[in-house]
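There are 2 protein chains.
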Amino acid sequence: MPPIRRASSKKERRQESEKLILSAAEKVFAEAGFGGATMQLIADVAGLPKANLHYYFPTKESLYRQVVQNIFQIWLQAADIFDAADGPAEGIGAYIDAKMEISRRHPEGSKVWASEVMHGAPVIQDYLETTLMEWTEGRAAIIRRWTEEGRMDPIDPDHLLYMLWATTQHYADFGHQIETLNGGAPLSDTQWDAAKASVKQIILRGIGALD
Amino acid sequence: MPPIRRASSKKERRQESEKLILSAAEKVFAEAGFGGATMQLIADVAGLPKANLHYYFPTKESLYRQVVQNIFQIWLQAADIFDAADGPAEGIGAYIDAKMEISRRHPEGSKVWASEVMHGAPVIQDYLETTLMEWTEGRAAIIRRWTEEGRMDPIDPDHLLYMLWATTQHYADFGHQIETLNGGAPLSDTQWDAAKASVKQIILRGIGALD
DNA sequence: TCTGAATTTGACCATACGGTCAGGAAGTGC
DNA sequence: GCACTTCCTGACCGTATGGTCAAATTCAGA
Chain B
866 MPPIRRASSK KERRQESEKL ILSAAEKVFA EAGFGGATMQ LIADVAGLPK ANLHYYFPTK
926 ESLYRQVVQN IFQIWLQAAD IFDAADGPAE GIGAYIDAKM EISRRHPEGS KVWASEVMHG
986 APVIQDYLET TLMEWTEGRA AIIRRWTEEG RMDPIDPDHL LYMLWATTQH YADFGHQIET
1046 LNGGAPLSDT QWDAAKASVK QIILRGIGAL D
Chain E
866 MPPIRRASSK KERRQESEKL ILSAAEKVFA EAGFGGATMQ LIADVAGLPK ANLHYYFPTK
926 ESLYRQVVQN IFQIWLQAAD IFDAADGPAE GIGAYIDAKM EISRRHPEGS KVWASEVMHG
986 APVIQDYLET TLMEWTEGRA AIIRRWTEEG RMDPIDPDHL LYMLWATTQH YADFGHQIET
1046 LNGGAPLSDT QWDAAKASVK QIILRGIGAL D
């Protein structure tokens, strides 16, 4: 009988290794893009020999695919807030807060996603066509209902969603530009709050959900 | 004495060759990123031998730098409309129209710029710190003046500018995603007009410039 | 303790990349 | 026609990359 508490089981160590590699890969893919990233650099960041990466992830592409899928999952979770809301001010406001927080905490992931889509989504095209499309249609229906109920102005739901994505992800994808324009310093807590407030104010007022 | 009209002078042909290479490079860099792009592929797209590229542009980086600089110039030109305007509704509205049109006509350029900034702006960091910073401060001053004159709500000018950039460039950078969500078809003329109208409506109403 | 599976890793390989170069072609000015 | 510069390009080079592999190590289960 094995001890009830071991330092770490074999399965746990496998998960830890995969997590370590995925974390390093996310960082390197975000900084260099898929083409610019090298397995050697990912291995160095993870502190493992390169051959070990290929034991857990047979190819560079399979590793990359896993990174992108993880990001997509985090993204989808932010939708729960949207759905549970009572009206546009609450739902869209909370969605903006959630997505801004993701941009702040997972900027690398957002960059990898952006890079993938910009290059024509060679790896996750199927996700765009299935999961993302269904998600978008579901949210568009909610927005349309809010409009019909007179709780916000008539706005094309698709373009509103694009605007929400664009604005919130901009703080991750173009974080370096924002940081440079901020005098070289990352946004402070106060500045992040101001960013969230500005985005929410403009959009919520812009769709007539604050009256 | 040379003929007054030749088919093409040597200097003209040099400019044409450079333009041809830059155009091909913009496309390939946008599709594959800096790391993923190869001089061979750029040469194939341009229909020239690879060695010829190195005659006009000594290194891959010098070619890339020129591509990014060209995009930046197009960007800056859109600012003229902003400056000449009488008030926020006219100025910001025209700026949105101009930037949306750039996203539509030069999506590759926008993608290259986005990719460059996302990867930490290794090549055009000096532009961010000088030209872009001055541009931003100048435009922020205008916005601040409009606010003081009571022609729009008090909004942090920086975050408003980020929102303008994010929203308009999203239609270029994430054009593939939008196209996929649009059923696989590029936005029609009508849909582009709707996009412009939606963006302008939300932002201009959101900053209180439509009352 | 023994056995077999899972894991780790240094050494290695074929390929593809950015860049070079010499030599030829084409055009220009006199 | 001649000399000179600019332009063009096939062949080549050193390097770095993604990926392989066989030998070594670790570990779980009996």
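Respectively, the protein sequence lines represent chains B and E.
Under this note's numbering, think of the first position of the first sequence as 866, with each following residue one higher.
Under this note's numbering, think of the first position of the second sequence as 866, with each following residue one higher.
Each residue gets a CB set at the ideal place from its N, CA and C atoms; glycine is no exception.
When you compare only the Cα positions, how much space is there between residue i and residue j?
i       : j       : result
B:G956  : B:Y992  : 24 Å
B:G900  : E:I1072 : 41 Å
B:M904  : B:L918  : 8 Å
B:E966  : B:W940  : 11 Å
B:E896  : E:S927  : 20 Å
B:F947  : B:I1068 : 15 Å
E:K892  : E:A908  : 12 Å
E:R871  : E:F922  : No answer about E:R871 holds up, because its pLDDT of 41 lies below 50 and its placement is not dependable.
B:A949  : E:F894  : 42 Å
B:A1031 : B:V932  : 21 Å
B:A911  : B:A890  : 8 Å
E:R970  : B:R930  : 31 Å
B:P986  : B:K976  : Position check: residue 986 of chain B holds Ala in this sequence, whereas Pro was assumed. B:A986 and B:K976: Cα-Cα distance of roughly 13 Å.
E:E1013 : E:E1002 : 16 Å
E:G1040 : B:M983  : 8 Å
E:V1064 : E:Y920  : 44 Å
B:A916  : B:A902  : 16 Å
B:H1024 : B:E881  : 40 Å
E:F937  : B:H1035 : 18 Å
B:L1026 : E:G974  : 24 Å
E:Q1056 : B:D1076 : 28 Å
B:G958  : B:P1019 : 18 Å
B:I1007 : B:Q1066 : 20 Å
E:N1047 : E:P914  : 39 Å
B:A1062 : E:L906  : 45 Å
E:V988  : B:E877  : 42 Å
B:D1058 : E:Q990  : 27 Å
Within 10 angstroms of its Cβ, does residue i collect 16 or more other Cβ (buried), or is it exposed?
i       : result
B:K884  : exposed
B:R879  : exposed
B:D1021 : buried
E:R1070 : buried
B:M866  : For B:M866, the predicted structure reports a pLDDT of 32, less than 50, and the residue's modelled location is therefore unreliable. A value from the coordinates is still provided. Exposed is the call here.
B:D1054 : exposed
B:T995  : exposed
B:A1037 : buried
B:R1004 : buried
E:T837  : Missing from the structure shown is residue 837 of chain E; chain E here goes from 866 to 1076 and no further.
B:A954  : buried
E:P972  : buried
E:A1074 : buried
E:A1060 : buried
E:Q1042 : buried
E:A963  : buried
E:Q942  : exposed
Assuming residue i and residue j make a contact with CB atoms under 8 Å, what is their CB distance in whole Å?
i       : j       : result
B:I961  : B:L1052 : That belief does not hold up - the Cβ atoms of B:I961 and B:L1052 are roughly 16 Å apart, past 8 Å.
B:G952  : B:R1010 : Between B:R1010 and B:G952 the Cβ distance is about 10 Å, and since that is not below 8 Å, they are no contact.
E:W1000 : E:A944  : 6 Å
B:S980  : B:G898  : 5 Å
B:L997  : B:N935  : At roughly 15 Å, the Cβ-Cβ gap does not stay under 8 Å, so B:L997 and B:N935 are not in contact.
E:S968  : E:T1033 : 6 Å
State yes or no: is the C-beta of residue i nearer than 7 Å to some heavy atom of the ligand MN?
i      : result
B:N935 : Only the bare structure without any ligand can be found here, which leaves the ligand MN out of the picture.
Can you list, in chain order, the residues of the segment 1020-1036 of chain E whose Cβ is nearer than 8 Å to any Cβ on chain B? Against chain B - using a Cβ distance shorter than 8 Å - the residues of the segment 1020-1036 of chain E are I1020, D1021, D1023, H1024, L1025, Y1027, M1028, W1030, A1031, T1032, Q1034, H1035 and Y1036.
Return the residues of the segment 1041-1057 of chain E that lie within a Cβ-Cβ distance of less than 7 Å from chain B, sorted by chain order. Hits within the stretch, in order: H1041, Q1042, I1043, T1045 and L1046.
Taking only runs of the alpha helix (DSSP H) that begin and end inside the segment 874-904 of chain B, which ones reach a length of at least 4 residues, in chain order? List check, alpha helix (DSSP H) in window: 875-901.
Would you list, in sequence order, the uninterrupted alpha helix (DSSP H) runs of no fewer than 4 residues that lie entirely inside the segment 973-1046 of chain E? Listed in chain order, the complete alpha helix (DSSP H) runs (minimum 4 residues) inside the segment 973-1046 of chain E are 998-1013, 1022-1038 and 1040-1046.
Using a beta-carbon distance cut-off of less than 8 Å, what residues from the segment 952-986 of chain E approach chain B? Those residues of the segment 952-986 of chain E placed with their C-beta closer than 8 Å to a C-beta in chain B are K976, A979, S980, V982, M983, H984, G985 and A986, ordered along the chain.
Beta carbons nearer than 8 Å to chain E: which residues of the segment 992-1007 of chain B have them? Listed in sequence order: L993, E994, L997, M998 and T1001.
Would you list, in chain order, the members of the segment 1060-1073 of chain B that have their beta-carbon closer than 9 Å to a beta-carbon of chain E? For the segment 1060-1073 of chain B, the set of positions with a beta-carbon nearer than 9 Å to some beta-carbon of chain E reads A1060, A1062, S1063, V1064, Q1066, I1067, I1068, L1069, R1070, G1071, I1072 and G1073 in chain order.
What alpha helix (DSSP H) runs, 4 residues minimum, are completely inside the segment 917-951 of chain B? As far as the segment 917-951 of chain B is concerned, its whole alpha helix (DSSP H) runs of at least 4 residues are 925-949.
Interface residues of the segment 891-920 of chain B facing chain E [CB-CB below 8 Å]: Listed in sequence order: A895, E896, A897, G898, F899, G900, G901 and A902.
Taking any Cβ of chain E, which residues in the segment 936-952 of chain B have a Cβ under 8 Å from it, in chain order? Listed by position along the chain: nothing, the set is empty.
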